[in-house]
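Quick notes on the structure that follows.
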Amino acid sequence: MSETSPRRIVIGDVHGHYEGLMTLLEAIAPMSEDQVYFLGDLIDRGPHSAQVVNFVKRNNYPCLLGNHEQMLLNILTNERTSSSTMQAWLYGGGQATVASYQEAPIPDDHLDWLKNLPTYLDLGDIWLTHAGVDPSKSVAEQTADQLCWIREEFHSIEKPYFLDKQIIIGHTITFTLPGVSPGKLARGQGWLDIDTGAYHPRSGWLTGLDVTNNLVYQVNIFKNYIRTLPLEEVVITIDPAKIKLDRRNRN
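Throughout the sequence shown, residue numbering follows full-length UniProt numbering, covering 1 to 251 in sequence.
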């Protein structure tokens, strides 16, 4: 496959899987002129969150705030954090993050770096954020909670939020969307989801997207298997009506 360079590469939710990330980056082999971006959720669930944060920070890779980083910061910076909130974070993968720092306090330089993560990056023709946008609000009106947590309200939009940009997200594991099997990417109206559930036992796929060449790099952290595929071979288009139907059925 012939490729254009320099490349823009976007990496989905790593969730503490440092070794998988190293394998993925070895496959991608970014050059100094390439740009590598992370969509957030570097931490929690996997065994090496501290190493992932240190690696991304040390290499000055642009990274977005994910809901798991937001939860961590809220707990550590809010003196009134309830025990139930703390337990919810620990149960949701936070215990693995604590363990990765060897039970020691998270270093101040890591916390300062996490506190300064942006909630979105506008790269002209693509717009990166962790979860999506509230379709009823302008960019200026979006809150960190919406950009880090939103799901069905965004996934079910019937027309693109931007006329001239594609939104690339993580946050929602693609196989939880209708008609998408593990390892596949999901495409909606003006958006593309590349969180293939690296930590999840049904998947194990960690995904990097070469936006420049429409190539998908994936490593399966459970099977130690690597593959590179054209985007169109691995993406499933989502019907907004099915998202709305699923939402109504749950409610």
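Idealized CB from N, CA, C, for every residue including glycine. These numbers were taken from a predicted model, which means no experiment stands behind them.
- Val211 is the residue among Asp246, Val211 and Asp239 whose C-alpha sits nearest the C-alpha of Glu232.
- Only exposed fits Phe222, as fewer than 16 other CB atoms lie within 10 angstroms of its CB.
- In the DSSP assignment, Leu73 falls outside any beta strand (DSSP E) and lies within the alpha helix (DSSP H) extending over Asn67 to Thr77.
- Rounded to the nearest angstrom, the Cβ distance from Leu39 to Glu69 is 11 Å, too far for a contact under 8 Å.
- When DSSP reads this structure, Asn220 sits in a beta bridge with Trp205 and Tyr225.
- Taking the Cα of Val98 as reference, the smallest distance to any Cα among Gly20, Leu177, Arg45 and Pro6 is reached at Arg45.
- Taken through DSSP and simplified to helix, strand or coil, Val235 comes out as strand.
- Contact check for Gly188 and Pro240: beta-carbon distance about 7 Å, within the 8 Å limit, so the pair qualifies.
- Scanning its chain for C-beta atoms nearer than 8 Å, with the 5 sequence neighbours on each side dropped, one finds around Ser5 the residues Met31, Glu33, Asp34 and Thr212, in chain order.
- Within the same chain, and ignoring the five residues on either side of Gly124 in sequence, the residues whose Cβ sits closer than 8 Å to its Cβ are Lys165.
- Ranked by Cα distance from Met71, the options Pro201, Gln95, Ala29 and Thr196 are led by Gln95.
- The DSSP-derived three-state label of Pro182 is coil.
- Beta-bridge partners of Trp191 (DSSP): Ile167 and Gly188.
- If you look at Ile126, you'll find it in the beta strand (DSSP E) that goes Ile126 to Thr129.
- Counting only residues of its own chain and dropping the five nearest sequence neighbours on each side, Gly183 has a CB closer than 6 Å to the CB of Thr196 and Trp205.
- Cβ contact annotation for Leu121 (same chain, cutoff 7 Å, sequence separation greater than five): Tyr37, Pro62, Leu64 and Leu128, in chain order.
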